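S.K.:
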Amino acid sequence: MLSNYFKVAFRNLLRRKGYSAIVISGLAVGMACCIVILLYVQQELSYDRFNQNHERIYRLIAERKTAKGTSMDATLPPPLATSMLGDFPQVMHAVRFLVMDNPIPLVGNGDKRFYEKQLFFVDSSVSDVFSIPAVRGDMKTALQRPNTVVITEDIARKYFGDEDPLGKTLSLNGVLSLEVTGVAKNFPSNSTLQPELLVSFATLTNWLGKEFVSSWQNNTCQIFVLLAPNSSSDLVAQRLTTVIGKYLGENSPLQKIHLQLLGRIHLFTFRDYGLASSGDIQNVYLLSGIALLVLLVACVNFANLTTARLILRSKEVGVRKLIGATRGQLVQQFLCEAAIALTISLVLAIALVEISLPHLSVFTGSRIAAGYVSDWKSWLGPIAIVMAIGVLSTVYPAFVLSSLKPLESTKGFSRAGSHRILLRKVMVVFQFALTVILLIGTWVVYDQLTYIQSKQLGLNKDQVIVVPIRNENLRQNSEPLKQRLLQNPGVQSVGAAALLPGGPVGKTRFRLEGNSVEGTMSMLWVDRDFIKTLDLRLAVGRGFSADYATDATEAFIINEQAVRQLGWDSPAEAVGRPFELVGGKKGHIIGVVKDFNFASLHRKIEPLVIHLWPWMNYLLIRVDESRFASALSDMKDAYREFDPINPFTFIFLNDNFERFYESDRQLGQVFGYFAVLAMLIACSGLVSLAAFTAEQRTKEIGVRKVLGATVSGIIGLLTREYLFLVVLANLFAWPVAYFVMSQWLQDFAYRINVGVVTFLLAGAISVLIAMLTVSYQAVRAAVANPVEALRYE
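Numbering (our numbering), first residue to last: 340 to 1132.
1) Pull up the distance between the alpha-carbon of V489 and that of L547, whole angstroms please.
2) Using the beta-carbon count (16 or more within 10 Å), is E899 buried or exposed?
3) Can you tell me whether DSSP reads P418 as helix, strand or coil?
4) Using a 10 Å radius around the Cβ and a threshold of 16 neighbouring Cβ atoms, would you call G357 buried or exposed?
5) Any idea if W954 is buried or exposed, counting beta-carbon neighbours within 10 angstroms, 16 or more meaning buried?
6) Please tell me whether T559 and N486 are closer than 8 Å, where the distance is taken between their beta carbons.
7) Residues in the same chain with beta-carbon distance under 8 Å from V844, minus the five sequence neighbours each way, listed in chain order, please.
8) Could you check if A1088 is buried or exposed, using at least 16 other CB atoms within 10 Å of its CB as the buried criterion?
9) In this structure, does DSSP put Y454 in helix, strand or coil?
10) Cα-Cα, which of I791, R850, N810, V805 is closest to S832?
11) Taking 8 Å as the limit between beta carbons, can you name the residues of its chain near V1075, skipping five residues before and five after?
12) In the DSSP assignment, what are the bridge partners of I400?
13) Please report the residue range of the alpha helix (DSSP H) in which N993 lies.
14) By how many angstroms is the C-alpha of K764 removed from the C-alpha of A755?
15) Go ahead and pull the three-state DSSP assignment for W864.
16) For G425, count neighbouring C-beta atoms within 10 Å of its own C-beta (all shown protein chains included) and say buried if the count is 16 or more, exposed if not.
17) Based on the DSSP secondary-structure assignment, which residues constitute the bridge partners of G548?
18) When the Cα of S464 is compared with those of V430, L940, E455, which residue comes out closest?
19) Just how far apart, CA to CA, sit Y498 and G447?
20) So what does DSSP say about F459, is it helix, strand or coil?
21) Nearest-angstrom Cα distance between L796 and N569?
22) Please go through the segment 551 to 580 and give each complete beta strand (DSSP E) segment of 3 or more residues, from N-terminal end onward.
23) Going by other Cβ atoms of all chains shown within 10 Å of its Cβ, with 16 needed for buried, is I694 buried or exposed?
24) What do you get for E502, buried or exposed, if any count of 16 or more other CB atoms within 10 angstroms of its CB means buried?
25) Just to confirm, is the Cβ distance from L875 to F918 under 8 Å?
26) Is the segment 404 to 423 in contact with the segment 432 to 445, if contact means three or more CB pairs nearer than 8 Å?
27) What is the DSSP secondary structure of I689, counted as helix, strand or coil?
28) Would you mind stating whether L992 and L959 have Cβ atoms separated by less than 8 Å?
29) From what residue to what residue does the beta strand (DSSP E) around E919 run?
30) Helix, strand or coil, according to DSSP, for T520 in the structure here?
31) Output the distance between the C-alpha atoms of E997 and K456, rounded to the nearest integer angstrom.
32) CB F563 to CB S470, shorter than 8 Å?
33) Nearest CA to the CA of S1105: which residue from I1091, V1118, A1068, K800?
34) Leaving out five residues on either side along the sequence, give the residues of the same chain with a beta carbon under 8 Å from the beta carbon of F895.
35) Please report how far the alpha carbon of T859 lies from the alpha carbon of L625, in whole angstroms.
36) If Q770 and V633 are in contact, beta carbons under 8 Å, what's the gap, nearest whole angstrom?
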């Protein structure tokens, strides 16, 4: 019996090749899209769970008081970690991570020298907290001595090839010599921390002095703690806040400590604390929704086309019942047919997934780890979800077909099943509603990104080249290099900064008018030509000048937002006011610069203070666009004159800002690609439905033409029904799309208003594509010879 079911199923699929191809290919594409995105989502949700004790590892978050409110960051004083170990029985281990990235360090072994972005100074107990499998050496003792380093397998091959790296040395910035005491496995791609070189924290004490690692004013470290089993993270946070008060005083801006679970860092950091993070749980939700939407479109298309063929199968059902077939046998037959189609679709979907995985970064900005994909267990969840939804889409058609009455079936089922026709229309509306939601989402993301790119930031970042300064002497005295660069006619101006706009900026504690106002605000350390180079505009007062010798130590410039935060009525009221960096320089405010976006447009402009600083990490060079090539060549020569050891590298300041919106651009691409796929799947189903409708109304069309109906009238008759369904789909889709995209826009401090035009354009596109799809079949039916339709009546 089972073999007979399969024979009949294959015959039916082969008999209607076009219909079968549309059903199977549409379902395969939907499945493939869903599996790819669910694999990515599954990996995003797995971040840091490879650590054996991930449920007990926390990162410390600092809540600092500002003049008007609070700010959050993950940088804390180094001695906080050591103070916990003796006083907190709940804390089993505390590990400090200090990343060396400003500027990026130069690591070398003989002639092999590379800039390494993932170099961390860490405590020797790092392997007690994180799961770091050792390939060579002992992780428990590898980082106990100063000037020791543990490297990953990739770094070992990079600098030492096939040689054993243990006992060999690496140079750091040409200043330190680090002994390799261990080789660790590469960190998994789903790890928040991606260190490639782990340098012992004791190295900092020898290099920078005990004051650096023991200062409670030095907020440079990320601190991770491993709590004892069944310990309360809230209780530890409360006690840590007490410790802060003990060492820093009650008036310290550092008011409170929060504990963030390791597993939440990747996806939830921005949502929890407003800090930058490499992932975003909202994007995971959106991608999951898009995956399921496309799969639903495909499954609805499958169910719709199957039920649409009801009339063609009705006589077969009637004959089978008259000769003794039971409803259960018919259900088994139709489920067998659906299972074959579903299986073929799944096989094609897996093939499409294998082809598309290498290109996943186009959609998400990151590849799924090869090891993750090769693990068959990682496929079980996505495939189970896909198959469950696919099976549900086959059950309804099977039971509908098996429920037909024998006498009615043998007469062609011409008057029965009006509720099924209604359901078919509902499915068409559902398909196009989902497609319109994706279209509107694509349009809103595109408009928001266009708005971001065109918004005036308050600074001129175009044609500004950023050159990192690697040489220690040059960092302390960059003026001769600046003057050399200005000799080139293609160089318009040269400034310098310790930190870059568009990147992480510093935080400083300040005090006004003797102790009356104290708080924390963002800070940029710059040279005298920084404001000129970026075309910052002064609202009042003056900029830094060589004519005033005291500017180097006593002059401060703030932005308009800082004026408002400090409670002054106008920028003019701020000029001349005393200003003091807590534990640092004292002076007064010499000017107020107009607000400019020095960070992402996801966040509002923050209060900012700008101050001269003797150590510069970056040169900012504004060049004439028409002379760019010659200016760049001369820059290389000039840099080599002052620093013949470190290689010349540069980036564009524009690129430093654009990285803020990479995930948003990728999300827009996802919306766009999957909107097109959903539209293609929906339209392929519409083609079959239109052809089926025209086939069923062939005789009606013939009679109408004999009675004088025109071709245009026939086309209107056949397309009017589908036009109504697509318009109805838009009316359902618009409020849903508005709600979803309004929520997405809430992540931007500066955002567009979603206008009516966006919805009208999306509606017009969906209607136009649907009508072009249906019109092809309508025209074919309308121009057919009516004699052929009526010959056998």
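Ideal Cβ placement from N, Cα and C applies to all residues, glycine included. Just so you know, these numbers come straight off a predicted model, no measurement behind them.
M.R.: So, from the data block:
1) 20 Å
2) buried
3) helix
4) exposed
5) exposed
6) no
7) L838, S861, M862, L863, F937, A938, L947
8) exposed
9) strand
10) V805
11) A772, I776
12) H597
13) 992 to 997
14) Low confidence applies here, because A755 scores a pLDDT of 43, under 50, leaving its location unreliable; read the following figure in that light. One C-alpha to the other measures close to 16 Å.
15) strand
16) exposed
17) Bridge partners of G548: none, in fact.
18) V430
19) 8 Å
20) strand
21) 49 Å
22) 561 to 566
23) exposed
24) exposed
25) no
26) yes
27) helix
28) yes
29) 917 to 920
30) strand
31) 19 Å
32) no
33) A1068
34) F918, G926, H927, I928, I929, V948, I949, H950
35) 36 Å
36) Between V633 and Q770 the Cβ distance is about 11 Å, and since that is not below 8 Å, they are no contact.
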